Amino acid sequence: MIREFLRDKASWLGMFVLLSGLLVLIAYVDTTIPFDSILYILLLFWLLLIVFLFFRYHRETRYYRGLRDWEKSLDASTLPEPDRPYEYIVHESLHEQVNFLNRTAADRQESLEREKDELLSWIHEVKTPLTAMQLILERVEDAALKQQLTYEWLRVHMLLDTQIHQKRITFIENDLFIEKIDLHAVISQEIRTLRSWCMQKGIGFDLDLEEEVVLSDTKWLTFIMRQLLSNAVKYSENSDISISSEKVDGHVRIHIEDRGIGIDAKDLPRIFDRGFTSTIQHDKAATGMGLYLTKKAAKPLRIEIDAVSDLGKGTCFTLTFPKRNEMVGMMGV
Numbered sequence: 066m067i068r069e070f071l072r073d074k075a076s077w078l079g080m081f082v083l084l085s086g087l088l089v090l091i092a093y094v095d096t097t098i099p100f101d102s103i104l105y106i107l108l109l110f111w112l113l114l115i116v117f118l119f120f121r122y123h124r125e126t127r128y129y130r131g132l133r134d135w136e137k138s139l140d141a142s143t144l145p146e147p148d149r150p151y152e153y154i155v156h157e158s159l160h161e162q163v164n165f166l167n168r169t170a171a172d173r174q175e176s177l178e179r180e181k182d183e184l185l186s187w188i189h190e191v192k193t194p195l196t197a198m199q200l201i202l203e204r205v206e207d208a209a210l211k212q213q214l215t216y217e218w219l220r221v222h223m224l225l226d227t228q229i230h231q232k233r234i235t236f237i238e239n240d241l242f243i244e245k246i247d248l249h250a251v252i253s254q255e256i257r258t259l260r261s262w263c264m265q266k267g268i269g270f271d272l273d274l275e276e277e278v279v280l281s282d283t284k285w286l287t288f289i290m291r292q293l294l295s296n297a298v299k300y301s302e303n304s305d306i307s308i309s310s311e312k313v314d315g316h317v318r319i320h321i322e323d324r325g326i327g328i329d330a331k332d333l334p335r336i337f338d339r340g341f342t343s344t345i346q347h348d349k350a351a352t353g354m355g356l357y358l359t360k361k362a363a364k365p366l367r368i369e370i371d372a373v374s375d376l377g378k379g380t381c382f383t384l385t386f387p388k389r390n391e392m393v394g395m396m397g398v
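If you count the sequence shown from 1, position 311 lands on 376 in my numbering, and the numbers rise without skipping.
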């Protein structure tokens, strides 16, 4: 701040230097003026200037130092109080801008909320004919046709489900209810949902759950498992997917391992990035949102997700759940 203050006063300091030089020049030209006296007067002037600048610095920069330390929280009440004319001008301008930004943010938040509610309402309305379609599919006698139609129905169902959770994930902290969850029940339900797809691709599941209970939120854990299992099925063919659990240092770990196409080493650090799709497998239907939303949903649940993969041999995702004492204070525990 000292540098900025001196730069602001540069013209005044320049004028003082110019006047000092002028006095020295006059004393040098006019021999009747004692040169030593002029130097003594200038020394006193410079000492007074330094003292003056010292006090002015603390007074004139108090408000601006307060602005520098001001938390940018769009709260005009936390702005430092002005006490000089120019400070009042800056203060009023900032106050108006903060109020304008608050109004704009509130309007946009309301618009986003309305858009989210409309989209969620539309998705729920679409789910009604989807349910009817599922009942109709159960009456289809042609096995091959039934399997194909069921697969397409499942794709639509999962896309809608992803959209619902994508809109809700912004407010996930307000939607959590932590409780004891039966892993076997959650995983079995998701496997049943994917059954037609798995039959079409010749994929089976191998469950080995040493630990069957975790503390988490049922809705969001189900979403996470659905994304990881569907990903494993999507990139596998005629092989089994292994799902196992264990307890390590008080943490429950779930491993979901497939024997599919795997992930290239250069892609592995980016698989949880928004919109990222494989640089090797160019799937036009891929949105790059599944794993991104999975990682984002896992964070408030304090679940760590790691992935290891060997290109051409398969991928293993590991979910590491927090210890019970780490969940203290969260709703429902």
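A virtual CB, placed ideally from N, CA and C, is assigned to each residue, including glycine.
Bear in mind the structure is a predicted one, so any value in this text is a computation, not a measurement.
- Under DSSP, threonine 359 forms no beta bridge with any residue.
- Annotated as distal: serine 304 and leucine 366, with beta-carbon spacing of 8 Å or more.
- Sorting Lys284, Thr215, Asp226, Lys181 by C-alpha distance to the C-alpha of leucine 241 places Lys284 at the top.
- Per DSSP, arginine 339 is not a residue of any beta strand (DSSP E), being assigned neither H nor E.
- Excluding sequence positions up to five before and after leucine 107, its CB lies within less than 8 Å of the CB of Ser85, Leu88, Val89, all in the same chain and listed in chain order.
- According to DSSP, arginine 318 shares a beta bridge with Glu311, Thr385.
- Non-local beta-carbon contacts of isoleucine 234 in its own chain, meaning distances under 8 Å to residues more than five positions away in sequence, involve Leu358, Lys361, Ala362 in chain order.
- Taking 8 Å as the cut-off, the beta carbon of isoleucine 370 is found no closer than this to the beta carbon of phenylalanine 386.
- Counting other Cβ atoms within 10 Å of its Cβ, serine 253 stays below 16 and is therefore classed as exposed.
- Its chain contains Asn303 as the residues whose beta carbon lies nearer than 6 Å to that of glycine 267, once the 5 sequence neighbours on both sides are disregarded; these appear in chain order.
- It is roughly 47 Å from the alpha-carbon of leucine 384 to the alpha-carbon of proline 145.
- Boundaries of the beta strand (DSSP E) around alanine 372: 369-375.
- Here glutamate 277 carries a coil assignment [DSSP, helix/strand/coil].
- When the five nearest sequence neighbours on each side are left out, the beta carbons in the same chain lying within less than 8 Å of the beta carbon of glutamate 125 are those of Phe70, Arg149, in order along the chain.
- Here glycine 269 carries a strand assignment [DSSP, helix/strand/coil].
- DSSP places aspartate 95 outside both helix and strand once states are collapsed to three, so it counts as coil.
- Three or more Cβ pairs closer than 8 Å define a contact, and the region 255-272 falls short of that threshold against the region 185-196.
- The C-beta of valine 278 has fewer than 16 other C-beta atoms within 10 Å across all chains shown, which makes the residue exposed.
- Around the CB of histidine 230, 16 or more other CB atoms lie within 10 Å, so the residue is classed as buried.
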